[in-house]
Amino acid sequence: VSLQMMKHAWDNYKRYAWGLNELKPISKQGHSSNLFGNIQGATIVDALDTLYIMEMKEEFKEAKEWVEKNLDFNVNAEISVFEVNIRFVGGLLSAYYLSGEEVFRKKAVELGEKLLPAFNTPTGIPWALLNIKSGIGRNWPWASGGSSILAEFGTLHLEFVHLSHLSGNPVFAEKVMNIRKVLNRLDKPEGLYPNYLNPSSGQWGQHHVSIGGLGDSFYEYLLKAWLMSDKTDEEGKKMYYEAVQAIETHLIRKSSGGLTYIAEWKGGLLEHKMGHLTCFAGGMFGLGADGAPNDKTGHHIELGAEIARTCHESYDRTSMKLGPEAFRFDGGVEAIATRQNEKYYILRPEVIETYMYMWRLTHDPKYRQWGWEAVEALEKHCRVDGGYSGIRDVYNNHESHDDVQQSFFLSETLKYLYLLFSEDDLLPFEHWVFNTEAHPLPILHKDDGNKEENQK
Ligand code: DMJ
Numbered sequence: 181v182s183l184q185m186m187k188h189a190w191d192n193y194k195r196y197a198w199g200l201n202e203l204k205p206i207s208k209q210g211h212s213s214n215l216f217g218n219i220q221g222a223t224i225v226d227a228l229d230t231l232y233i234m235e236m237k238e239e240f241k242e243a244k245e246w247v248e249k250n251l252d253f254n255v256n257a258e259i260s261v262f263e264v265n266i267r268f269v270g271g272l273l274s275a276y277y278l279s280g281e282e283v284f285r286k287k288a289v290e291l292g293e294k295l296l297p298a299f300n301t302p303t304g305i306p307w308a309l310l311n312i313k314s315g316i317g318r319n320w321p322w323a324s325g326g327s328s329i330l331a332e333f334g335t336l337h338l339e340f341v342h343l344s345h346l347s348g349n350p351v352f353a354e355k356v357m358n359i360r361k362v363l364n365r366l367d368k369p370e371g372l373y374p375n376y377l378n379p380s381s382g383q384w385g386q387h388h389v390s391i392g393g394l395g396d397s398f399y400e401y402l403l404k405a406w407l408m409s410d411k412t413d414e415e416g417k418k419m420y421y422e423a424v425q426a427i428e429t430h431l432i433r434k435s436s437g438g439l440t441y442i443a444e445w446k447g448g449l450l451e452h453k454m455g456h457l458t459c460f461a462g463g464m465f466g467l468g469a470d471g472a473p474n475d476k477t478g479h480h481i482e483l484g485a486e487i488a489r490t491c492h493e494s495y496d497r498t499s500m501k502l503g504p505e506a507f508r509f510d511g512g513v514e515a516i517a518t519r520q521n522e523k524y525y526i527l528r529p530e531v532i533e534t535y536m537y538m539w540r541l542t543h544d545p546k547y548r549q550w551g552w553e554a555v556e557a558l559e560k561h562c563r564v565d566g567g568y569s570g571i572r573d574v575y576n577n578h579e580s581h582d583d584v585q586q587s588f589f590l591s592e593t594l595k596y597l598y599l600l601f602s603e604d605d606l607l608p609f610e611h612w613v614f615n616t617e618a619h620p621l622p623i624l625h626k627d628d629g630n631k632e633e634n635q636k
C-alpha cells in the first residue's frame, strides 16, 4: 500500500511540480518554501532513497538524471543550514550509500563545503541561516537573544561525520566535534539543555527546554552518533543517557488517566503540552534501550511503548484519526489539542516512526494495527486527486486542505510505513541509522577506513 501511496505522491509531483521544491496538490502547481532559498528539487532529493528502497527503478533513474543535470548549489540563496543538511545532504548521502552512484557523493560533498561558512562564528556554533553565495550567516530574527537553535546546530553530526568519511577531509567532523566541546563546557540547568545558545557569547538564551520543536533531534543525534560509530563514541553515549535521565526527572509526567507524556520546561515551570514532533521520542527511547546503563533496558523500552500509546491516543481522539500538531494535558483534557492553531496535521511522520521502531523492537502486533489506522486515515482525508495534502483541523468532520505535500511525507512518512510492514532485514538496525529526515546512513566500523585504503 505504501508503494501505491508513494506512486501517487511522486507521479503528481512529477506532473505538476517537477524540479520545484514541493507540490501543491490542490492547486496542482509548485510550492516553494524559503527554507531552501533558491535551491530546487527538495522533493526529488528527499525521495531518492525511498524510491530506491521501494524498487521504483524507473522513477529512481529519472530522479538521478535530474540531480545530475539540474541540482545546482551555485545560486544566490539564503538557506536554513539545518533543513538543507537533513534533507539535501542526508538525501544525497543515503542515495550514494544505497546505489553506489558517484554523482550523489560528489554533490553531497559539494553541498557540505557550501555549508562550512555557517561555522564562522566566535564559538563555532553555526548560524541558522546562511547565504551560500556570499557565505554570510545570521540567526532567525525571532530566536531568543540572537541565539542559534539546539535542534538545528545539534542535528548536523551524523551527516558531517559521513562527509569527512567520504571526502577524506576532516574539517566536517571537526566542526561538529567542536559543537560538542562548547556544549560540554557549559553549565546545564538541572542537567537539561536549553533550546537557545548564542553563537557569539557561547551562553544560553532563554531557559526553555523541549523534546519537540527546537530541541528534538539534538537528543536523537547524540544516541545515533554513538550507534553510527559502532558504539565507540563514548562521549555521545554519555551525553545521551545523562540527558534522558534529566528529561525523565524534569519533563516526563503521567496524566490522571494514565498517559505518559513529555512536557515542555520554561525556566523551571512545566507547560503540559506535547508536540506531534515530540512523538519521535518513543522510537528514540526504544532504540536506545539496548545500551541503557544500570539494567535500565526494559525501562527504556517501556518508556518508548508508553509514548507510542500516548501518541496513538492523540490520533484516536480526533475525528479524522490523525494527530494534531500539539496536544495538552491540562484544563480537563488529555492528549487533545485545545487551541485552534494547534489542530492541524501536515503529513508529519513522528508517530509512524515510533510505531516502526517499536514494532521492530517488540513485534507487538498493535504497532502494525496502529500504522494501518494511519494509512486508512491518510487515504481518506489527505489523499486528493493531485497528491497528498495536510489538514487544517483534524477535529472537524470536513477536510480543509492546506494544499502542501511536504517533502518529508515522501522521505519519512511513506518510508517508515513501508518499513513497518516489511521484514526486519530491510535496512536492519545493526547496519543502518536513520538521520532525522529518515535517510539511512551506514554504521561506520573501526576498520572501514583501512579497508578502503587497502582497496585503492
Ligand atoms: C522533518 O523535517 C524532520 O523529521 C525533522 O526532524 C522535524 N520535522 C520534519 C517532520 O515533521
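Residue numbers (this note's numbering): 181 to 636. For glycine and all other residues, C-beta sits at the position ideal for the given N, C-alpha and C. All of these numbers come straight from a predicted model, not from anything done at the bench.
Inside the region 196 to 277, DSSP marks whole beta strand (DSSP E) runs of 3 or more residues at positions 202 to 204, 209 to 211 and 258 to 260, from first to last along the chain.
Residue environment for P473: exposed (fewer than 16 other C-beta atoms within 10 angstroms of its C-beta). If you check the CB distance, D226 and S587 come in under 8 Å.
Note that the C-beta distance between G566 and N265 is not below 8 Å. In this structure, the C-beta of F588 approaches the ligand DMJ to less than 7 Å from one of its heavy atoms. Counting along the chain, M454 sits inside the beta strand (DSSP E) bounded by residues K453 to G455. By the beta-carbon neighbour count (other beta carbons within 10 angstroms, threshold 16), K237 is exposed. Membership of A461 in the alpha helix (DSSP H) is indicated by the continuous run F460 to G468.
Contact check for K355 against F299 passes: the beta carbons are separated by less than 8 Å. Unbroken beta strand (DSSP E) stretches of 3 residues or longer found wholly inside the region 288 to 346: 309 to 311, given in chain order.
In the DSSP assignment, R497 falls outside any beta strand (DSSP E), carrying neither H nor E. With respect to V341, A353 sits close: the two C-beta atoms are nearer than 8 Å.
In the structure shown, E422 adopts helical secondary structure according to DSSP, grouped into three states. Cβ-Cβ distances below 6 Å link N311 to E258 in the same chain, with the five nearest sequence neighbours on each side left out; the list follows chain order.
With a cutoff of 8 Å on beta-carbon distance, V261 and W322 are scored as not near each other.
Between R497 and G503, the alpha-carbon positions lie close to 8 Å from each other. Judged by DSSP secondary structure, W406 falls within the alpha helix (DSSP H) whose first and last residues are D396 to M408. Contact between the region 408 to 425 and the region 487 to 497 is not established, with fewer than three Cβ pairs separated by less than 8 Å. Checking the 7 Å criterion, the Cβ of I516 is out of range of every heavy atom belonging to the ligand DMJ. Straight-line measurement puts the Cα of Y401 at about 32 Å from the Cα of G210. Rounded to the nearest whole angstrom, the C-alpha separation of S344 and H492 is 39 Å. Judged by DSSP in its simplified three-state form, I427 adopts helix. A direct Cα-to-Cα measurement between L215 and N319 gives close to 13 Å. In the DSSP annotation of this structure, the continuous segment of the beta strand (DSSP E) that includes I442 starts and ends at T440 to I442.
Using a Cβ-Cβ distance cut-off of 8 Å, the region 501 to 520 and the region 464 to 480 are not in contact, since fewer than three pairs of beta carbons, one from each stretch, lie closer than that value.
When DSSP states are grouped into helix, strand and coil, H388 belongs to the strand group. DSSP lists S328 and W384 as the beta-bridge partner residues of L377. Residue state for A515 is assigned as coil, using DSSP reduced to three classes.
Counting of Cβ neighbours within 10 angstroms places P379 among the buried residues, the total reaching 16 or more. In the assembly as shown, R195 is an exposed residue. Its beta-carbon has fewer than 16 other beta-carbons within 10 Å. With a threshold of 7 Å, the Cβ atom of R528 counts as near the ligand DMJ, since some heavy atom of the ligand is closer than that. Y568 has R563 as its beta-bridge partners, per DSSP. Beta-carbon to beta-carbon, P302 and G315 are separated by about 16 Å, too far to satisfy the 8 Å threshold.
For V613, the enclosing beta strand (DSSP E) stretches over residues W612 to F614. Cβ-Cβ distances below 6 Å link G392 to G455, L457 and T458 in the same chain, with the five nearest sequence neighbours on each side left out; the list follows chain order. One Cα belongs to H337, the other to H578, and the distance between them is close to 42 Å.
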